[in-house]
Amino acid sequence: MDYFFDEEQIMIRDLARQIADEKVMPIRAELDEKEEFPWDIMNILAQSDFLGIYIPEEYGGMGRGGFEFCLAVEELSRACLGVSTTYAANALGTYPILLYGSEEQKKKYLPDIASGRKLVAFALTEANAGSDAAGVQTTARLEGNEYVLNGTKQWITNGGEAGIYTVIAITDKSKGARGASAFIVEKDTPGFTFGKKENKMGIRSSSTRELIFENCRIPKENVIGKPGMGFIVAMKTLDSSRTGVGAQGVGVAQGAFEAAAAYALERQQFGQPIISIQAVQHILADMATQIEAARALVYAVAKFIDTKAKDVSKESAMAKLFATDVAMKVTVDAVQVMGGAGYMREYPVEKMMRDAKILQIYEGTNQIQRNVIGQALVKETAKKK
Amino acid sequence: MNIIVCIKQVPDTAEIRINPETNTLMREGVPSIINPFDLHAIEAAIQIREQMGGRVTVLTMGPPQAETSLREAVSMGADDAVLLSDRAFAGSDTWATSYTLAQAIRKLGADIVFCGKQAIDGDTAQVGPETAEFLDIPHISYIRKIEEVNENYIRVERLMDEGYDIVESSLPVLLTVVRELNTPRLPSLKGKMAAKKAEIKKLGMADIGADENNLGLKGSPTQVKNIFAPEVKAERKMIEGSPEEQVDNLIKELKEIKCL
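The listed protein sequences correspond, in order, to chains A and B.
Note that the first sequence covers residues 158 to 542 in this note's numbering.
Note that the second sequence covers residues 28 to 287 in this note's numbering.
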C-alpha cells in the first residue's frame with residue numbers, strides 16, 4: 158500500500174532495505190548461531206547516517222522524527238530482529254537525553270551518538286523491578302559534587318557494548334516513585350562493571366547483560382532533568398520508543414510472510430504449488446491483512462507522537478501491543494505454511510518465530526500495555542461523565 | 028590532495044545485446060550502473076581523503092544520462108562531479124576516450140587519478156594506462172593494496188598472476204584498482220541528499236581545449252568489424268616420455284605446424 162512518503166522518507170526506507178538485503182540477510186543465521194554482536198552492521202548503519210535519524214541537525218543528526226526511525230527499524234527487522242534490537246535499543250537509551258537532557262548534556266553526548274562513535278543503552282530493569290518499575294533498588298547517593306551508585310541492573314540490551322548508559326536509580330527512598338532519578342553513566346567509570354552475558358532464545362546477536370555498580374562515582378551534572386524525575390523520564394522515554402518495537406513487529410512479520418509466500422509458490426504437493434491450495438491461501442491472506450493493519454497503526458501513532466502531542470501513552474501502547482501480537486502470530490503461521498522446512502534452521506522463519514517472542518515481553522509486556530490502555534480508558538470515560 | 032576518479036556508466040546485465048548492424052552495444056531499456064570496479068576506485072579515493080584531506084572529483088565521459096552515476100558517486104562521498112559530454116565525443120574508442128579524459132584531467136588538476144581496472148562492458152583495461160600516457164605520468168595497474176601515501180609519494184601492491192609486486196611511485200600517478208583493494212561503502216543518507224542537490228559540472232570539447240581530430244569516431248583508430256563469441260576448438264595432445272624425448276617431440280610437433 159502507498160503511504161505517501163516524502164522523498165526523504167523513501168530514501169530512508171530504500172537505503173535501510175538495501176543494507177538489510179545486502180549486509181544483514183547474508184549473515185543473520187551466523188550471527189544467531191554464534192551470538193555475535195553485529196558491530197560490522199552497526200558501523201555500516203553509522204556510516205550511512207542511520208544512528209542520527211531522529212537527532213536534531215544541530216547535534217549532527219538528520220533532524221527527522223520517530224516515524225522515519227520506525228521506517229528504518231521496520232526494514233532492518235524484516236531481515237533480523239537481533240540487529241534491529243541493537244539498533245532500536247540505541248534509540249531507547251538516547252531518548253532520555255533527547256527529551257530531558259540539558260543543553261550541555263546534549264552537546265556532549267548527542268554528536269557521538271548520531272555519528273555512531275558511541276552506542277547507548279537504557280537501564281531500568283532489575284531483579285525485582287520490571288513491570289513494577291517502582292521496585293528499583295539501585296541507589297544513587299549525593300556526596301558533595303558526585304552521585305555514588307550502587308546496585309545491579311539486569312537484562313540490559315547493548316550492555317557491555319555501549320559507551321553511554323542512561324540509568325534509573327533511587328535518590329530518595331522515602332518518596333517512592335518520586336524518589337527516582339535518571340543518570341548518564343559512561344563506560345569505564347570506576348566501579349561500573351558488567352555481569353554475565355545472557356544466553357537467549359532469540360535476538361541472539363544482541364547483547365543482554367547485567368550492569369553492576371559498586372560505589373560508582375559520577376559527576377552531579379550527569380543527572381538527567383531534575384533529581385526525582387526518574388520515573389517521568391523513564392515513562393516518557395518508553396512512550397516515545399514503543400512505536401519502534403511496533404515497527405520491529407511489522408518488519409519481522411513482513412519478513413516471515415515473504416519467506417512463507419515464496420516457499421508456498423515453489424513447494425509442490427498434489428501436483429500443484431501449495432500456494433494454489435485454498436487452505437494455504439487463507440493463512441497467507443490473514444497474515445497479510447494483519448501485517449497491513451499493524452503497519453497502518455504503527456505509522457499513524459508514530460506520526461501522532463512526532464506532532465509533540467502531550468499524552469501519547471495509550472496510542473503508543475496500542476501500537477506496540479497490536480503489532481507485536483501480530484508478529485508472534487504471523488511468524489508462527491509462517492512456520493506452519495512452510496511445514497517441515499519452516500522448522501529447519503536452513504530457512505529463516507524458525508529464527509523469526511524465536512525472535513518475535515521477545516517483542517511481547519520487552520519494553521513493557523503486552524499485559525502492561527493493556528494496563529496502560531485500560532487506565533487511559535478509565536480516565537477518558539470518567540472525564541466524560 | 029586532489030584526487031580524480033574516472034568512472035563509467037555501464038549496462039547492468041549479463042545479457043548485453045549487440046546491434047548487428049553497427050556492432051555496438053544496445054543500451055536501450057537496460058538499467059545502468061557504475062562499473063563495479065570503479066566503485067572500488069571511488070572507495071579508495073574517499074579513504075585517502077578521509078586520511079589526508081583534499082577533494083575527490085568523479086569524472087565521466089558519456090551521454091547526459093551518465094549524470095545519475097555521477098550523483099551516485101556523490102552519495103557515497105565524492106565532493107565534485109564532472110560530466111564530459113559533447114556530440115564530438117560520440118563513438119570514441121579507447122584511444123579517443125583516453126585522450127579526452129586526459130585533456131579534462133589536465134585542466135582539472137590531480138595528484139592521484141583512480142580508475143577501475145576495466146569496464147564490464149568493453150573489458151579492454153586500456154583506458155586507465157592510455158590516459159596516463161597522454162598525461163605523461165606514471166601509472167600502476169591492478170593495485171590491490173595501498174601501503175603508504177603522502178603528498179608526493181605512494182607505495183602499493185600490484186596484483187599479479189602469482190603473488191604481487193610492491194611498486195613505488197612519485198605523484199602525480201594514475202592507479203587502476205581490482206576488487207581486492209576494499210569494500211565499497213553504501214551511500215549515506217546525507218550523501219544522498221547532497222547528491223540530489225549537487226551541481227554537475229559539464230565540460231565539452233572547447234572547455235578542455237581538445238583537438239577535434241582526436242575525438243569521437245573521427246579520432247578513433249579502432250574499427251569494430253564484428254563481435255562474436257570465439258568458438259572453442261580445444262585440441263589437446265599429450266607429449267609423453269622422458270624429458271629429453273618430450274622436448275624432441277615438442278620441437279618436431281612445432282616444426283610440423285610451422286611454428287618453428
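Note that beta-carbon positions come from the ideal geometry of N, C-alpha and C, so glycine has one too.
Computed from a prediction, not measured in an experiment: that's the story for all the values here.
Identify the residues that DSSP records as bridge partners of residue i: which are they?
i             : result
residue 216/B : Looking at the DSSP assignment, residue 216/B forms no beta bridge with any residue, so it has no partner.
residue 155/B : Bridge partners of residue 155/B: none, in fact.
residue 425/A : 430/A
residue 308/A : 370/A
residue 298/A : 305/A
residue 33/B  : 86/B, 142/B
residue 380/A : 340/A
residue 351/A : 368/A
residue 177/B : 180/B
residue 323/A : 279/A, 341/A
residue 394/A : Answer is none; residue 394/A lacks a bridge partner.
residue 314/A : 365/A
If we define contact as Cβ-Cβ less than 8 angstroms, is residue i a contact residue for chain B?
i             : result
residue 468/A : no
residue 219/A : yes
residue 549/A : Only positions 158 to 542 of chain A appear in this structure, which leaves residue 549/A out of reach.
residue 433/A : no
residue 176/A : yes
residue 172/A : yes
residue 241/A : no
residue 270/A : no
residue 197/A : no
residue 397/A : no
residue 426/A : no
residue 184/A : no
residue 201/A : yes
Please say whether residue j and residue i have beta carbons closer to each other than 8 angstroms?
i             : j             : result
residue 297/A : residue 340/A : yes
residue 235/A : residue 290/A : no
residue 87/B  : residue 110/B : yes
residue 277/A : residue 319/A : yes
residue 167/B : residue 185/B : yes
residue 326/A : residue 306/A : yes
residue 387/A : residue 481/A : no
residue 159/B : residue 242/B : no
residue 452/A : residue 192/A : no
residue 384/A : residue 303/A : no
residue 372/A : residue 348/A : yes
residue 370/A : residue 282/A : no
residue 30/B  : residue 76/B  : yes
residue 130/B : residue 237/B : yes
residue 231/B : residue 240/B : no
residue 352/A : residue 268/A : no
residue 436/A : residue 506/A : no
residue 365/A : residue 312/A : yes
residue 148/B : residue 37/B  : yes
residue 32/B  : residue 221/B : no
residue 393/A : residue 256/A : yes
Is there a Cβ from chain A that is less than 8 angstroms from the Cβ of residue i?
i             : result
residue 257/B : no
residue 208/B : no
residue 212/B : yes
residue 97/B  : no
residue 215/B : yes
residue 224/B : no
residue 228/B : no
residue 219/B : yes
Which chain D residues are close to residue i, counting only those with a beta carbon under 7 angstroms from its beta carbon?
i             : result
residue 204/A : Although the question refers to chain D, the structure presented lacks it and instead comprises the protein chains A and B.
What are the uninterrupted segments assigned as alpha helix (DSSP H) that are 4 or more residues long and contained completely in the segment 35–100 of chain B, given in chain order?
63–79
Whole runs of the beta strand (DSSP E) within the segment 98–175 of chain B, excluding any shorter than 3 residues:
107–111, 139–143
Taking 8 angstroms as the cut-off, does the segment 527–539 of chain A touch the segment 186–194 of chain B (at least 3 CB pairs, one atom from each stretch)?
Too few Cβ pairs lie closer than 8 angstroms, so no.
Does the segment 190–205 of chain A come within contact of the segment 438–445 of chain A, defined as at least 3 CB pairs closer than 8 angstroms?
With a cut-off of 8 angstroms, the segment 438–445 of chain A and the segment 190–205 of chain A do not count as touching, because too few Cβ pairs lie within range.
Hey, which unbroken runs of the alpha helix (DSSP H) at 4 residues or more fall wholly within the segment 181–261 of chain B?
Positions of the alpha helix (DSSP H) runs, each at least 4 residues long and wholly inside the segment 181–261 of chain B, are given as 216–224 in order along the chain.
Does the count of Cβ pairs from the segment 330–337 of chain A and the segment 308–322 of chain A closer than 8 angstroms reach three?
no
Please determine if the segment 495–514 of chain A and the segment 449–462 of chain A are in contact, where contact requires at least 3 C-beta pairs separated by less than 8 angstroms.
no
Jot down the residue ranges of each uninterrupted beta strand (DSSP E) in the segment 252–299 of chain A, minimum 3 residues, whole runs only, in chain order.
277–280
Tell me whether the segment 221–238 of chain A and the segment 397–404 of chain A touch, counting them as touching only if at least three CB pairs, one residue from each stretch, are closer than 8 angstroms.
yes
Check whether the segment 137–155 of chain B and the segment 191–204 of chain B touch, using three or more Cβ-Cβ pairs below 8 angstroms as the test.
Yes, since at least three Cβ pairs between the segment 137–155 of chain B and the segment 191–204 of chain B fall closer than 8 angstroms, the two stretches touch.
Whether or not the segment 242–254 of chain A and the segment 206–213 of chain A are in contact is what I'm after, with contact meaning three or more pairs of Cβ atoms, one per stretch, closer than 8 angstroms; do they touch?
With the cut-off at 8 angstroms, the segment 206–213 of chain A and the segment 242–254 of chain A touch.
Under 8 angstroms, with one C-beta from each stretch per pair, do the segment 483–503 of chain A and the segment 414–434 of chain A reach the 3-pair mark?
With the cut-off at 8 angstroms, the segment 483–503 of chain A and the segment 414–434 of chain A touch.
Would you check if there are 3 or more beta carbon pairs closer than 8 angstroms linking the segment 166–177 of chain A to the segment 207–224 of chain B?
yes
Any chance the segment 66–82 of chain B sits against the segment 99–107 of chain B, with 3 or more Cβ pairs inside 8 angstroms?
yes
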